[in-house]
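S.K.: For the sequence shown, the positions run 292 to 525 when my numbering is used.
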Amino acid sequence: MLNKLASSALACMVLSSTALAQSDPIISPTPFSSHYIATRLDLRKCAFPACGGYYVKAVNRALTRCADGTLRKECHVAVLNTKALPWSDADRAAFEQSFIPGQGLVRGQLVAVKGSTALRTDTLVISEGWVGQADSKPLGVFYQLKNSGIVCITTPCPSINETTLNYPISRNIHGLDLAASGAKPAQVEAGLNALGSTGVLAAGGHKTITGPAGQGQQFIASQFYLPFTPAKTR
């Protein structure tokens with residue numbers, strides 16, 4: 292059903308639990324925010340923060356710009372900083388737990404933070420946290436999906452706006468299948484309801500659909516994500 296989905300797989304493994312960065316100055320921010328996914332734990336045996344934590348990559352990208360400015364297939368992160376978000380420590384811990392089975396995405400920046408010693412800490416400063424809604428591995432290309440605002444009296448209708456994460460590419464498509472991810476009906480309903488507000492992030496591919504108005508493209512999700520909800524707003 293998915294269009295070349297298997298060949299487009301993006302790995303999603305595990306994310307370790309890390310502490311919030313303190314008020315140390317950021318010294319090498321990347322110029323733009325990106326969407327990241329964890330790839331593996333850092334199991335090297337050396338002193339923190341040089342070792343420990345985990346590795347991330349920018350989704351849909353072959354190379355990711357790391358905190359030290361270099362381009363690599365994946366980048367080391369010692370600390371997850373959520374101070375830009377209205378989260379408690381308990382919220383942060385709960386969000387990190389969703390990363391352990393590879394069930395999360397973040398939007399943020401990879402930066403080097405200077406501490407009290409000469410060591411610099413590879414830090415992922417996040418502005419958004421998203422949690423996977425299905426017990427499935429994300430296969431395919433990652434997108435943000437929202438209502439396009441177009442209403443039709445026939446089908447297929449370009450009612451969904453699709454933006455490729457980490458690329459300035461956007462277009463309207465004609466349908467969305469979140470249930471293909473294997474998520475429960477309540478989660479699928481929540482995802483569809485979010486299209487008119489926050490939108491959803493999703494990985495997947497496309498298939499051609501037909502109707503009275505001709506042919507169109509439907510997105511088939513292998514996994515989709517909704518914004519993490521802090522405990523005080525649930």
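The beta-carbon is built from N, C-alpha and C at its ideal position, and this holds for glycine as well.
Taking one C-beta from the segment 442-450 and one from the segment 413-433 each time, how about it: are there three or more such pairs within less than 8 angstroms?
M.R.: Cβ pair count under 8 angstroms is below three, so no.
S.K.: Hey, N437 and N457: beta-carbon distance below 8 angstroms or not?
M.R.: Here residue 437 corresponds to residue number 146 of the sequence shown, with the count starting at 1. Here residue 457 corresponds to residue number 166 of the sequence shown, with the count starting at 1. Note that residue 437 is Lys in the sequence shown here, rather than Asn. Cβ distance not < 8 angstroms, so K437 and N457 don't count as in contact.
S.K.: What's the C-alpha gap between V479 and G505?
M.R.: The count along the sequence shown starts at 1 and reaches residue 479 at position 188. The count along the sequence shown starts at 1 and reaches residue 505 at position 214. Roughly 27 angstroms between the two C-alpha positions.
S.K.: So what does DSSP say about V479, is it helix, strand or coil?
M.R.: Position 188 of the sequence shown holds residue 479. Of the three classes helix, strand and coil, the one that applies to V479 here is helix, per DSSP.
S.K.: Please name the residue, chosen from A512, V442 and Q400, that lies closest to H326 on a Cα-to-Cα basis.
M.R.: Here residue 326 refers to the residue found at position 35 when the sequence shown is read from its first residue. Checking every option, the nearest Cα to that of H326 belongs to Q400.
S.K.: Taking just the CA atoms, how far does P377 sit from P521?
M.R.: To locate residue 521, count along the sequence shown from 1; it is residue 230. To locate residue 377, count along the sequence shown from 1; it is residue 86. So the two alpha carbons sit approximately 8 angstroms from each other.
S.K.: Please name the residue, chosen from F433, V404, Q514 and K428, that lies closest to D468 on a Cα-to-Cα basis.
M.R.: For the purposes of this step, residue 468 is taken as residue 177 along the sequence shown, with counting starting at 1. Answer by Cα proximity: Q514.
S.K.: So Y516 and A481 are in contact, right, with Cβ under 8 angstroms, and what is the actual spacing, rounded?
M.R.: Taking the sequence shown and counting its residues from 1, one reaches residue 516 at position 225. Taking the sequence shown and counting its residues from 1, one reaches residue 481 at position 190. Wrong, their Cβ atoms sit about 11 angstroms apart, outside the cutoff.
S.K.: Please specify which runs of the alpha helix (DSSP H), each continuous and at least 4 residues long, are wholly inside the segment 319-394, giving them in chain order.
M.R.: Listed in chain order, they are 380-390.
S.K.: Between which two residues does the beta strand (DSSP E) containing Q508 stretch?
M.R.: Taking the first residue of the sequence shown as 1, we reach residue 508 at position 217. G505 to P518 is the extent of the beta strand (DSSP E) around Q508.
S.K.: Measuring only the C-alpha atoms, how far is F510 from D413?
M.R.: Walking along the sequence shown from the start, residue 510 turns up at place 219. Walking along the sequence shown from the start, residue 413 turns up at place 122. Their Cα atoms are separated by approximately 36 angstroms.
S.K.: Mind checking whether I441 and S450 have CB atoms under 8 angstroms apart?
M.R.: For the purposes of this step, residue 441 is taken as residue 150 along the sequence shown, with counting starting at 1. For the purposes of this step, residue 450 is taken as residue 159 along the sequence shown, with counting starting at 1. Yes, the pair counts as a contact, with Cβ atoms nearer than the cut-off.
S.K.: For D382, count the other beta carbons within 10 Å of its own beta carbon; 16 or more makes it buried, fewer makes it exposed. Which is it?
M.R.: Along the sequence shown, one-based indexing puts residue 382 at 91. With 16 or more Cβ atoms within 10 Å of its Cβ, D382 is classed as buried.
S.K.: Tell me, which residues are paired with G487 by DSSP?
M.R.: By 1-based counting over the sequence shown, the position of residue 487 is 196. DSSP output for G487 lists no bridge partner at all.
S.K.: Using 8 angstroms as the cut-off, can you tell me whether the segment 333-343 makes contact with the segment 365-374, which would need three or more C-beta pairs spanning the two stretches below that distance?
M.R.: Touching, per the Cβ criterion.
S.K.: What is the DSSP secondary structure of A425, counted as helix, strand or coil?
M.R.: Looking up residue 425 in the sequence shown gives position 134. Note: A425 maps to coil in three-state DSSP.
S.K.: In the DSSP assignment, what residue or residues form a beta bridge with Y434?
M.R.: Taking the first residue of the sequence shown as 1, we reach residue 434 at position 143. Bridge partners of Y434: T455 and A493.
S.K.: How about R411 and S324: do their beta carbons lie closer than 8 angstroms?
M.R.: Looking up residue 411 in the sequence shown gives position 120. Looking up residue 324 in the sequence shown gives position 33. No, the Cβ-Cβ distance between R411 and S324 is not below 8 angstroms.
S.K.: Does the Cβ of S472 have 16 or more other Cβ atoms within 10 Å, making it buried, or fewer, making it exposed?
M.R.: Translated into positions along the sequence shown, residue 472 becomes position 181. S472 comes out buried.
S.K.: Check each candidate in F519, F390 and P503 and name the one with the smallest Cα separation from G490.
M.R.: Reading the sequence shown from its first residue, position 199 is the one you call residue 490. If we check each option's Cα against that of G490, F519 comes out closest.
S.K.: For G395, tell me which candidate among V404, D380 and Q424 has the shortest Cα-Cα distance.
M.R.: For the purposes of this step, residue 395 is identified with residue 104 of the sequence shown, where counting begins at 1. When only C-alpha atoms are compared, the closest one is Q424.
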